[in-house]
Amino acid sequence: MYRDVSSCNTYNYGDALYWDARYVQEAESFDWYQHYSSLRPFVRRYIPTSSRVLMAGCGNARMSEDMVEDGYENITNIDISSVAIDIMRRKYEHVHQLNYMEMDARDMSFFPDKSFDAVVDKGTLDSLMCGSDAPISSVRMLGEVSRLLKPGGIYMLITYGDPKVRMPHLTQSIYNWKIILYIIPRPGFEKPGGSSSNSHLEPVPISDTGVLPADFVLEDPDSHFIYVCKKMDETTEVSDISSYPLIADAL
Numbered sequence: 260m261y262r263d264v265s266s267c268n269t270y271n272y273g274d275a276l277y278w279d280a281r282y283v284q285e286a287e288s289f290d291w292y293q294h295y296s297s298l299r300p301f302v303r304r305y306i307p308t309s310s311r312v313l314m315a316g317c318g319n320a321r322m323s324e325d326m327v328e329d330g331y332e333n334i335t336n337i338d339i340s341s342v343a344i345d346i347m348r349r350k351y352e353h354v355h356q357l358n359y360m361e362m363d364a365r366d367m368s369f370f371p372d373k374s375f376d377a378v379v380d381k382g383t384l385d386s387l388m389c390g391s392d393a394p395i396s397s398v399r400m401l402g403e404v405s406r407l408l409k410p411g412g413i414y415m416l417i418t419y420g421d422p423k424v425r426m427p428h429l430t431q432s433i434y435n436w437k438i439i440l441y442i443i444p445r446p447g448f449e450k451p452g453g454s455s456s457n458s459h460l461e462p463v464p465i466s467d468t469g470v471l472p473a474d475f476v477l478e479d480p481d482s483h484f485i486y487v488c489k490k491m492d493e494t495t496e497v498s499d500i501s502s503y504p505l506i507a508d509a510l
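With our numbering, the residue at position 120 of the sequence shown is 379, and numbering never jumps.
Structural data, given as structure tokens:
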């Protein structure tokens, strides 16, 4: 395990003080990487609206609000920043489907084992991977995510981390996750010269070591990666997690 320096800078993204200061200066809503509209086909396919969902590292993003508007009934939002949680509690105090709690994703001992049907992570693991204690932080967070998921539950990781730097962390046998990968271009990306040869709604075959097919072309070099990790148990067959192409308009 190692520190992911591919998109890091001098900031300590694992530090609450950094995020408190940032949210004081940038109080307006901001969604990292992708908006819910782009992620909706994946969220709706793998996470039923009746699920108890944990948004790990919610920040001041609109994603949870958008999910509630799309029918989701129970979303617990946590963040290490007391400033962000304060802002969001006040903003959504009348939205009963949303709950906000100040909490470090590396220590979620407040919640009992198997508390959630799904955990959504849009940039939180990435932030921890930029810290000086990245190897320990990533293990602690992923261990907590695994502990909190019910059997059959989904950890949906949206990240800039390509398979070579993320799969070694996600494929640890202790988690017992079956992983499906999707790759989507950054918002606003247009392929030079015309239409894309890839459908981002189709899963991308991948090895446990993070090797993509030899003929796979990453058309957007700044693509985002969606790892759908299903927690298996002794009664769950690998084939139970479908990996067929999604249909955006039908979900």
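C-beta: ideal position from N, C-alpha, C; glycine also.
Whole-angstrom distance between residue j and residue i, CA atom to CA atom
i, j, result
"Tyr441", "Ala473", "16 Å"
"Ser432", "Thr418", "21 Å"
"Gly402", "Met415", "14 Å"
"Arg377", "Val327", "Before going further, note that residue 377 is Ala rather than Arg in the sequence given. Those two C-alpha atoms are separated by around 15 Å."
"Asp366", "Met400", "7 Å"
"Ser368", "Val404", "11 Å"
"His355", "Gly316", "19 Å"
"Ser466", "Tyr277", "36 Å"
"Phe484", "Lys381", "10 Å"
"Glu478", "Tyr305", "25 Å"
"Glu461", "Phe475", "12 Å"
"Ile439", "Thr430", "11 Å"
"Tyr434", "Leu407", "11 Å"
"Arg321", "Thr468", "34 Å"
"Tyr282", "Ile339", "12 Å"
"Met360", "Ile344", "6 Å"
"Gln293", "Val487", "16 Å"
"Ser458", "Arg299", "15 Å"
Residue environment, residue i, which counts as buried when at least 16 other CB atoms sit within 10 Å
i, result
"His353", "exposed"
"Ile395", "exposed"
"Ala280", "exposed"
"Lys490", "buried"
"Pro451", "exposed"
"Gly412", "buried"
"Phe556", "The chain is shown only over 260 to 510; residue 556 falls outside these bounds and no answer can be derived."
"Val470", "exposed"
Three-state class that DSSP yields for residue i in the structure shown
i, result
"Val470", "coil"
"Lys423", "helix"
"Arg445", "coil"
"Lys450", "coil"
"Thr308", "coil"
"Glu361", "strand"
"Val487", "strand"
"Asp492", "coil"
"Tyr520", "The structure shown has nothing for residue 520, since the chain only spans 260 to 510."
"Val354", "coil"
"Leu387", "helix"
Cβ-Cβ separation, residue j to residue i (assumed contact under 8 Å), whole Å
i, j, result
"Val333", "Arg311", "The sequence shown places Asn at residue 333, not Val. Yes, they are in contact, since the Cβ atoms of Asn333 and Arg311 sit about 5 Å apart, within 8 Å."
Residues that residue i bridges to, as DSSP identifies them
i, result
"Leu408", "Phe375"
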